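Here this note's numbering is used: the first residue of the sequence shown is 147, the next is one more, and so on.
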Amino acid sequence: MPEIVYEVVDSAPTDAIVELYRAGRWWREDPSWRAAIPQMIHGSFCFLLAREPGGRIVGMGRVISDGASDAYIQDIVVLEGCRGRGIGRELVRRLTERCLEAGISWIGLVAEPGTQAFYEPLGFRALVGYLPMLHGDRPDGT
Numbered sequence: 147m148p149e150i151v152y153e154v155v156d157s158a159p160t161d162a163i164v165e166l167y168r169a170g171r172w173w174r175e176d177p178s179w180r181a182a183i184p185q186m187i188h189g190s191f192c193f194l195l196a197r198e199p200g201g202r203i204v205g206m207g208r209v210i211s212d213g214a215s216d217a218y219i220q221d222i223v224v225l226e227g228c229r230g231r232g233i234g235r236e237l238v239r240r241l242t243e244r245c246l247e248a249g250i251s252w253i254g255l256v257a258e259p260g261t262q263a264f265y266e267p268l269g270f271r272a273l274v275g276y277l278p279m280l281h282g283d284r285p286d287g288t
């Protein structure tokens, strides 16, 4: 298997990012979403890509933070054919490390049901007694 290259970026090809969001089943076919991708990347505290040596983007993750206190990891996704190779774990590990290096120790995320066993070995635990909430009434939760 080819070695994966991890890269923090300020921009990325929109089509590749759309492909990843679709792989995560988070994409909405809405032109405003596609138009927002450059700002989502640039506005993130850290936007990390996983690439194969030939340059194909196979995974991503990002951190949203003010850079001083709390940080939220989100959008961890790896293309289906590339899963099971440790790419997702390495994305989370590197994003967490980047936060800690910046002095941010409160690092949270909202995980899909059934993924607790993925995140726990990376130092995350369920927040017992807390309820993740979303503003608005989008039925798909995105």
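All C-beta atoms, glycine included, are put in the ideal place defined by N, C-alpha and C.
Being a predicted model, the structure only gives us computed values, none of them experimental.
Local conformation of residue i per DSSP, three classes
| i | result |
| --- | --- |
| residue 264 | helix |
| residue 179 | helix |
| residue 269 | coil |
| residue 238 | helix |
| residue 227 | helix |
| residue 205 | strand |
Through-space distance from residue j to residue i, alpha-carbon basis
| i | j | result |
| --- | --- | --- |
| residue 199 | residue 236 | 16 Å |
| residue 212 | residue 259 | 27 Å |
| residue 210 | residue 220 | 8 Å |
| residue 201 | residue 278 | 36 Å |
| residue 166 | residue 157 | 15 Å |
| residue 264 | residue 249 | 24 Å |
| residue 229 | residue 283 | 32 Å |
| residue 153 | residue 159 | 14 Å |
| residue 231 | residue 194 | 17 Å |
Contact check, residue i vs residue j, beta carbons under 7 Å
| i | j | result |
| --- | --- | --- |
| residue 254 | residue 218 | yes |
| residue 241 | residue 207 | yes |
| residue 192 | residue 239 | no |
| residue 196 | residue 163 | no |
| residue 233 | residue 224 | yes |
Extent of the continuous beta strand (DSSP E) to which residue i belongs
| i | result |
| --- | --- |
| residue 153 | 151-154 |
| residue 213 | Element bounds for residue 213: n/a, residue is neither H nor E. |
| residue 255 | 252-255 |
| residue 277 | Note, residue 277: premise wrong, no beta strand (DSSP E); not H, not E. |
| residue 193 | 192-197 |
Span of the alpha helix (DSSP H) around residue i
| i | result |
| --- | --- |
| residue 168 | 160-169 |
| residue 174 | Segment: none, residue 174 is in no alpha helix (DSSP H) and carries neither H nor E. |
Min CB distance residue i to chain D below 7 Å
| i | result |
| --- | --- |
| residue 260 | Chain labels in this structure do not include chain D; a single protein chain is all it has. |
Counting Cβ pairs, one atom from each stretch, are 3 or more of them under 8 Å apart for the segment 240-255 and the segment 169-181?
no
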